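**Student:** Here it is: the structure, laid out below.
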Amino acid sequence: MKTYDLLIIGGGPGGYVAAIKGTQLGLSVGLVERDKVGGVCLHKGCIPTKALIQSTHLYELCKRSKEYGIVTEGVSADFSAFHKRKRTIVTKLFSGIEHLLKKNKVDTLNGTGQIISPDKVLVKEGGKSKGNICKNIIVATGSSPMVFDGLPYDQKSILTSDDILELEEIPSSLLIIGGGAIGVEFAYVYNALGSKVTVVEMMDEILPTNDKDVGNALRKSLTKKDIKFLTKTDLSLIEIKENSVETTVKKNDGNTEILQSEKVLLAMGRKPETKDSGLEELNLEFNGRFINVDENMQTSQPGIYAIGDVSGPPLLAHLASAQGMLVAHNIADKDFPPINNNTIPGVTYTNPQVAGVGMSQEAAELEGYDVKIGRFPLMANSKTQIIGEGEEGFIKVITDASSGEILGVHLIGHEVGELIGCMSLAMNLEATNLEVSANIFPHPTLSEVFAEAFHAVEGKAIHI
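The numbers in the sequence shown follow this note's numbering, run straight up by one, and end at 481.
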């Protein structure tokens with residue numbers, strides 16, 4: 018048996034980052050992965066979906082090229098080439114992670130990790146198993162798409178986000194169950210490529226965890242592109258017919274409607290992957306389906322940690338990586354800032370994009386804050402005009418009226434995901450409304466909207 022200071026089960030963005038950081042801090046680290054390092058994010062999630070979205074966006078731009086003084090003829094989308102480019106990107110990044118693990122002397126163990134006791138993990142592969150002694154264990158086994166019992170899920174007509182990533186043909190019509198980030202991203206792609214797309218969402222707005230103004234603005238923008246949205250609508254029944262899928266939904270007024278489509282995408286959330294990991298024998302505390310952890314990501318069993326999707330929402334790759342670094346530092350007895358749950362940014366990669374950090378206006382008011390709001394339209398930003406996209410977008414900032422504390426920042430517009438990180442940093446550094454509005458942003462850039470929005474909190478924006 019080999020002995021490790023830290024053994025990690027799961028090589029996704031939480032696991033492999035924790036492994037690399039652990040060896041950098043002087044720990045002996047083993048990383049167990051049953052498939053490919055990089056996890057869902059690299060192979061079935063963040064990266065391949067965003068590759069398809071980027072190709073889709075370029076296709077849209079090419080069709081609008083006359084606006085930029087460029088003449089093109091016969092523009093069409095080669096969907097198989099979309100997939101080829103997607104696979105090339107994934108393969109390149111996968112090779113890069115493998116190289117980084119070797120470079121940092123992480124011991125990669127191929128197989129399924131099963132915790133036998135708080136200090137022993139069995140790695141199973143091909144009918145063989147090998148025990149490993151470990152002083153600390155991180156469970157980073159990720160999540161998979163949610164499929165409710167009773168649905169006729171066949172991976173052909175009815176798909177999850179895993180399945181639709183491998184769909185080589187563009188369906189004539191696509192019904193998406195779920196109006197969260199995954200659902201609306203695929204709605205954007207397939208609508209732009211010619212599918213008739215309908216999105217069903219049980220809440221009163223799409224992107225229900227975002228600020229309502231932003232969710233409402235995205236719905237209006239995508240509706241203009243002929244995506245149909247049915248909010249306050251529940252799924253009742255799905256039936257696979259000979260040439261189509263019939264989906265019965267129940268609306269808020271109690272009436273039902275039957276929707277026909279070639280394909281149905283189930284985008285109703287994700288569930289943690291903990292099967293066969295041995296957790297059942299450890300009597301860990303759970304919060305619903307998710308492993309319960311403290312602020313240091315430690316479970317109820319000392320020396321056993323859980324990071325990423327298995328530890329609960331928000332289910333974000335960048336949060337998993339941050340949690341992995343936190344745990345590695347704590348095990349190595351090195352200082353590392355705690356994770357501030359109010360400064361975790363999120364992005365939805367439609368066109369326009371949606372990005373946000375901190376509380377929504379609704380959440381801040383429920384918390385009892387006396388809020389002051391600043392808004393600034395992106396159409397008043399010079400770089401937006403230059404780019405020629407996102408004119409219907411805006412930035413909305415929520416601040417505390419008495420202290421000037423930044424409570425939340427929300428944007429909708431072109432590539433706003435590239436901007437939100439600086440607001441996460443500002444909030445972590447406890448910057449105030451005045452400090453951001455006084456900061457000098459380069460001109461012409463989209464980032465200037467931050468100064469304008471924070472000036473707008475006091476009703477003194479410059480360019481509106």
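A virtual CB, placed ideally from N, CA and C, is assigned to each residue, including glycine. Predicted model, so just to flag it, every value in this text is computed and none were measured.
Is Ala323 helix, strand or coil when you go by DSSP?
**Tutor:** Position 306 of the sequence shown, counted from the first residue, corresponds to residue 323. If DSSP states are grouped into helix, strand and coil, Ala323 belongs with the strands.
**Student:** Would you kindly work out how many angstroms separate the C-alpha atoms of Val138 and Asp326, rounded to a whole number?
**Tutor:** Locating residue 138 in the sequence shown gives position 121, counting from the first residue. Locating residue 326 in the sequence shown gives position 309, counting from the first residue. Going by the C-alpha atoms only, they are around 21 Å apart.
**Student:** Compute the distance between the beta-carbons of Leu48 and Val123, then report whether it is under 8 Å.
**Tutor:** Mapped onto the sequence shown, residue 48 falls at position 31. Mapped onto the sequence shown, residue 123 falls at position 106. Yes; because the gap between Cβ atoms is below 8 Å, this pair is in contact.
**Student:** Could you tell me whether the Cβ of Ile154 comes closer than 8 Å to any Cβ of chain D?
**Tutor:** Within the model displayed, chain D is absent; a lone protein chain is all it includes.
**Student:** Would a C-beta distance cut-off of 8 Å place Ile321 and Ile154 closer than the cut-off?
**Tutor:** The residue labelled residue 321 in the question sits at position 304 within the sequence shown. The residue labelled residue 154 in the question sits at position 137 within the sequence shown. Contact flag set, yes.
**Student:** Between the alpha carbons of Phe411 and Val371, how many angstroms are there, rounded?
**Tutor:** Sequence index remark: in the sequence shown, residue 411 carries index 394 (1-based). Sequence index remark: in the sequence shown, residue 371 carries index 354 (1-based). For Phe411 and Val371, the distance between alpha carbons rounds to 10 Å.
**Student:** Can you find at least 3 beta carbon pairs, one from the segment 429 to 443 and one from the segment 461 to 471, that sit closer than 8 Å?
**Tutor:** Yes: at least three Cβ pairs fall under 8 Å.
**Student:** For Val164 versus Thr177, is the C-beta distance shorter than 8 Å?
**Tutor:** To locate residue 164, count along the sequence shown from 1; it is residue 147. To locate residue 177, count along the sequence shown from 1; it is residue 160. Contact flag set, yes.
**Student:** How would you label Asn358, buried or exposed, when you count the other beta carbons within 10 angstroms and need 16 or more for buried?
**Tutor:** If you number the sequence shown from 1, residue 358 lands on position 341. The residue in question, Asn358, is exposed, as its Cβ has fewer than 16 Cβ neighbours within 10 Å.
**Student:** Using 10 angstroms around the beta-carbon of Gly405, count the other beta-carbons present and answer buried if the total reaches 16, otherwise exposed.
**Tutor:** The count along the sequence shown starts at 1 and reaches residue 405 at position 388. When all chains shown are included, Gly405 counts as exposed.
**Student:** Run the CB neighbour count on Ala35, radius 10 Å, all protein chains shown included, and call it buried at 16 or more, exposed below.
**Tutor:** As a working mapping, residue 35 is identified with position 18 in the sequence shown. Flag for Ala35 reads buried.
**Student:** Under 8 Å, do Ile423 and Gly31 count as touching if we go by C-beta distance?
**Tutor:** Stepping through the sequence shown from its first residue, residue 423 is reached at position 406. Stepping through the sequence shown from its first residue, residue 31 is reached at position 14. Cβ atoms of Ile423 and Gly31: not closer than 8 Å.
**Student:** Within 10 angstroms of the Cβ of His116, are there 16 or more other Cβ atoms? Answer buried if so, exposed if not.
**Tutor:** Against the sequence shown, residue 116 aligns to sequence position 99. The residue is exposed, with fewer than 16 neighbouring Cβ atoms inside 10 Å.
**Student:** Would you say the segment 182 to 196 touches the segment 280 to 287, given that touching needs at least three Cβ pairs under 8 Å?
**Tutor:** The answer is yes - the segment 280 to 287 touches the segment 182 to 196, with three or more Cβ pairs under 8 Å.
**Student:** DSSP three-state call for Asp251: helix, strand or coil?
**Tutor:** The residue given as residue 251 occupies position 234 in the sequence shown. Reduced to three states, the DSSP call for Asp251 is strand.
**Student:** Along the beta strand (DSSP E) that carries Phe96, what are the first and last residues, could you check?
**Tutor:** As a working note, residue 96 is residue 79 in the sequence shown. Here Phe96 belongs to no beta strand (DSSP E); instead the alpha helix (DSSP H) covers 96 to 120.
**Student:** By DSSP's criteria, Cys439 is part of a beta bridge. Which residues make up the other side?
**Tutor:** The residue you call residue 439 lines up with position 422 of the sequence shown. According to DSSP, Cys439 bridges with nothing at all.
**Student:** Looking at the unbroken beta strand (DSSP E) that takes in Gln370, where does it start and where does it end?
**Tutor:** As a working mapping, residue 370 is identified with position 353 in the sequence shown. Per DSSP, Gln370 belongs to the beta strand (DSSP E) from 370 to 375.
**Student:** Here's the rule I'm using: 16 or more other beta-carbon atoms within 10 Å means buried, otherwise exposed. How should Gly1 be labelled?
**Tutor:** The chain is shown only over 18 to 481; residue 1 falls outside these bounds and no answer can be derived.
**Student:** With a CB to CB cut of under 6 Å and the five nearest residues on each side skipped, what residues in its chain are close to Ala468?
**Tutor:** Stepping through the sequence shown from its first residue, residue 468 is reached at position 451. So the list reads Ser454, Phe458, once near-sequence residues are dropped.
**Student:** Are the beta-carbon atoms of Leu24 and Leu44 separated by less than 8 Å?
**Tutor:** Position 7 of the sequence shown, counted from the first residue, corresponds to residue 24. Position 27 of the sequence shown, counted from the first residue, corresponds to residue 44. Contact: no.
**Student:** With a threshold of 16 other CB atoms inside 10 Å of the CB of Leu383, please say whether the residue is buried or exposed.
**Tutor:** Within the sequence shown, the letter at position 366 stands for residue 383. Exposed.
**Student:** Would you say the segment 212 to 221 touches the segment 68 to 79, given that touching needs at least three Cβ pairs under 8 Å?
**Tutor:** Not touching, per the Cβ criterion.
**Student:** In chain order, what residues of the same chain lie with their CB nearer than 6 Å to the CB of Ile257, ignoring the 5 residues before and after it?
**Tutor:** Reading the sequence shown from its first residue, position 240 is the one you call residue 257. Cβ within range, chain order: Pro169, Ser174.
**Student:** Just the Cα atoms here: how many angstroms apart are Asp221 and Phe246?
**Tutor:** Stepping through the sequence shown from its first residue, residue 221 is reached at position 204. Stepping through the sequence shown from its first residue, residue 246 is reached at position 229. The alpha-carbon atoms of Asp221 and Phe246 are separated by roughly 11 Å.
**Student:** Hey, Ala349 and Leu42: beta-carbon distance below 8 Å or not?
**Tutor:** By one-based count along the sequence shown, residue 349 stands at place 332. By one-based count along the sequence shown, residue 42 stands at place 25. A contact, by the Cβ cut-off of 8 Å.
**Student:** If Phe99 sits next to Ser72, beta carbons under 8 Å apart, how far is it from one beta carbon to the other, in whole angstroms?
**Tutor:** In the sequence shown, the residue the question calls residue 99 occupies position 82. In the sequence shown, the residue the question calls residue 72 occupies position 55. Their Cβ separation, rounded to whole angstroms, is 5 Å, which keeps Phe99 and Ser72 in contact under 8 Å.
**Student:** Should Gln378 be labelled buried (16 or more other beta-carbon atoms within 10 Å of its own) or exposed?
**Tutor:** On the sequence shown, residue 378 is found 361 positions in, with the first residue counted as 1. That one is buried.
**Student:** Per DSSP, what are the beta-bridge partners of Gly363 in this structure?
**Tutor:** Locating residue 363 in the sequence shown gives position 346, counting from the first residue. Answer by DSSP bridge pairing, in chain order: Gly373.
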